[in-house]
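J.: Per the working numbering, the sequence shown runs over residues 130 to 418. One structure follows; several queries about it will come next.
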Amino acid sequence: MNKFIGMRTLKTGIAVVLTCILTGFAVDNMFYAATACVVTMQDTIKTSFKMGSQRVLGTLVGGLVGFLLFLVMPQNPILCGIGIMIVIKLCEFFKLSSLVVSSVTFFSLYLGYINSEPLTYSLQRIFDTSIGVIMGLIINYVMARPNYYNNTMNEFTTIKKLFKENVRSIVVDKDNLDLKSIEVKIKNSEQIYSKLMDEINYSKEKCDLDIIDKSLHLCRQIYFHIKSIELLEKELFLTKENHNQLKKLYKDEEKFIKINDDESPVFNFHLSKVLEKMKVLDELIELNN
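So, in structure tokens, the structure goes:
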């Protein structure tokens with residue numbers, strides 16, 4: 130079910146159901162609460178809180194400007210233009226990304242597309258938006274939160290396998306390097322790690338960030354050395370030391386490139402660094418298990 134729907138989608142559906150049930154007793158319109166709930170449901174609690182607070186503040190800005198100008202002269206085209214400029218500048222000043230929400234709230238109130246008093250309407254919009262935001266935050270916090278720490282370490286395990294496959298290609302024929310897949314996986318691990326950092330203050334899970342930092346740094350270094358090897362064009366030879374290390378790594382492989390301690394010093398330097406750092410990466414991953 131998760132693969133077909135997705136946990137975030139499922140959580141959003143549940144949060145909207147609960148929001149609609151709750152607002153059915155508390156407000157006259159479920160629309161704003163349900164919309165705020167959907168906007169609040171993000172990948173991390175930090176992002177959810179940011180999006181939710183932006184929604185509430187955007188509603189507050191639009192409602193306040195609309196209410197004040199309504200008291201001066203409602204439905205005046207010139208004041209309407211001035212009002213929306215004020216809304217835009219306030220959103221820019223407070224660095225709000227909810228300009229559309231602020232604008233809709235302002236227009237609805239100032240242009241008279243409401244069925245209640247302006248002050249009552251402003252307070253209702255803030256209230257029902259807040260309910261949607263709070264419900265979204267609660268469901269996102271308590272229900273099936275992603276384990277970004279384990280997800281990041283799983284990415285490193287996949288990257289380690291890709292490194293091993295590419296080193297095998299290098300020392301056998303150098304024809305099947307797949308550095309693009311490694312690059313994509315490293316970027317994926319960086320993105321997941323970023324979400325972990327957003328989530329860490331809201332999580333009770335134990336996380337060894339030192340392992341993550343070291344593993345990510347090692348992955349970047351190994352990628353650099355393999356990329357450097359890819360740029361070498363002439364025939365390559367192994368030193369005896371690197372050959373021995375490779376035999377330990379690939380116990381079933383017998384057809385390595387030729388051995389010559391006096392040739393390919395740049396290649397062997399990068400290869401030795403790759404093998405050395407792969408070993409450390411493997412130890413870090415095992416330490417986490």
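Think of the CB as a built atom: it goes at the ideal place given N, C-alpha and C, for glycine as much as any other residue.
1. Considering only C-alpha positions, which residue in the set L198, M282, L228, P275 is nearest to P247?
2. Under 6 Å Cβ to Cβ from I311, same chain only, skipping five residues before and after it: list those, please.
3. When you compare each of N244, V262, F154 to K175 by their alpha carbons, which one comes out closest?
4. Are the region 251 to 265 and the region 313 to 324 in contact at 8 Å, needing three or more beta carbon pairs?
5. DSSP three-state label for L186, please.
6. Hey, V201 and L219: beta-carbon distance below 7 Å or not?
7. Ordered along the chain, which non-local residues of its own chain (more than five positions away) have a Cβ less than 8 Å from that of L367?
8. Which residues in the same chain as V156 place their Cβ atom closer than 8 Å to its Cβ, once the five residues preceding and following it in sequence are excluded?
9. Among all the DSSP beta bridges, which residues are the ones paired with I388?
10. G181 to G265, Cα distance in whole Å?
11. May I have the straight-line CA-CA distance separating N131 from Y242, to the nearest angstrom?
12. Can you tell me whether H346 is buried or exposed? The criterion is at least 16 other CB atoms within 10 Å of its CB, across all chains shown.
13. Rounded to a whole number of angstroms, what is the C-alpha to C-alpha distance between L404 and L361?
14. For the putative contact between G187 and L225, defined by C-beta atoms under 8 Å, what is the C-beta separation to the nearest angstrom?
15. Would you mind listing the alpha helix (DSSP H) stretches within the region 299 to 367 that are 4+ residues and don't spill past its ends, in chain order?
16. Suppose you measure from the CA of E328 to the CA of N279; what does that come to, to the nearest Å?
17. Helix or strand or just coil, what does DSSP make of D172?
18. Around the C-beta of L416, are 16 or more other C-beta atoms found within 10 angstroms, so that it is buried, or is it exposed?
19. Tell me which same chain residues have a C-beta within less than 7 Å of the C-beta of Y322, skipping the five on either side of it?
20. Since I288 and C348 are thought to touch, with beta carbons under 8 Å apart, how far apart are those beta carbons, to the nearest angstrom?
21. Please report how far the alpha carbon of L139 lies from the alpha carbon of D307, in whole angstroms.
T.: For this structure:
1. Counting from 1 along the sequence shown, the entry for residue 247 is found at position 118. Answer by Cα proximity: L198.
2. Working through the sequence shown from its first residue, we reach residue 311 at position 182. Taken in chain order, the residues that qualify are L291, Y352.
3. Reading the sequence shown from its first residue, position 46 is the one you call residue 175. When only C-alpha atoms are compared, the closest one is V262.
4. no
5. Locating residue 186 in the sequence shown gives position 57, counting from the first residue. If DSSP states are grouped into helix, strand and coil, L186 belongs with the helices.
6. Taking the first residue of the sequence shown as 1, we reach residue 201 at position 72. Taking the first residue of the sequence shown as 1, we reach residue 219 at position 90. Their beta carbons are not under 7 Å apart, which means V201 does not touch L219 by this criterion.
7. In the sequence shown, residue 367 corresponds to position 238, counting from 1. Closer than 8 Å at the Cβ level, and outside the excluded window around L367, lie V300, L375, F385, I386, K387, I388, N389, S393, N397, L400.
8. One-based indexing of the sequence shown puts residue 156 at position 27. Cβ neighbours of V156 beyond the five flanking positions: A162, Q253, F256, D257, I260.
9. For the purposes of this step, residue 388 is taken as the residue at position 259 of the sequence shown. According to DSSP, I388 bridges with L367.
10. Counting from one through the sequence shown, the residue named residue 181 turns up at place 52. Counting from one through the sequence shown, the residue named residue 265 turns up at place 136. Rounded to the nearest angstrom, the two C-alpha atoms are 8 Å apart.
11. Taking the sequence shown and counting its residues from 1, one reaches residue 131 at position 2. Taking the sequence shown and counting its residues from 1, one reaches residue 242 at position 113. Note on N131: pLDDT 49, under 50, position unreliable in the model; the coordinate value appears next. Approximately 41 Å, taken between the alpha carbons.
12. In the sequence shown, residue 346 corresponds to position 217, counting from 1. That one is exposed.
13. Against the sequence shown, residue 404 aligns to sequence position 275. Against the sequence shown, residue 361 aligns to sequence position 232. Answer to the nearest angstrom: the Cα atoms are 18 Å apart.
14. Residue numbering aside, residue 187 sits at position 58 when the sequence shown is read from its first letter. Residue numbering aside, residue 225 sits at position 96 when the sequence shown is read from its first letter. Confirmed, about 5 Å.
15. 308 to 328, 338 to 359
16. As a position in the sequence shown, residue 328 is number 199, starting the count at 1. As a position in the sequence shown, residue 279 is number 150, starting the count at 1. C-alpha separation (whole angstroms): 13 Å.
17. The count along the sequence shown starts at 1 and reaches residue 172 at position 43. D172 falls in the coil class under three-state DSSP.
18. For the purposes of this step, residue 416 is taken as residue 287 along the sequence shown, with counting starting at 1. The residue in question, L416, is exposed, as its Cβ has fewer than 16 Cβ neighbours within 10 Å.
19. Walking along the sequence shown from the start, residue 322 turns up at place 193. Result list for Y322: T281, I341, L345, in chain order.
20. Position 159 of the sequence shown, counted from the start, is the residue given in the question as residue 288. Position 219 of the sequence shown, counted from the start, is the residue given in the question as residue 348. Going by Cβ atoms, the distance from I288 to C348 rounds to 5 Å, so yes, they are a contact pair.
21. The residue labelled residue 139 in the question sits at position 10 within the sequence shown. The residue labelled residue 307 in the question sits at position 178 within the sequence shown. Spanning the two alpha carbons is a distance of roughly 36 Å.
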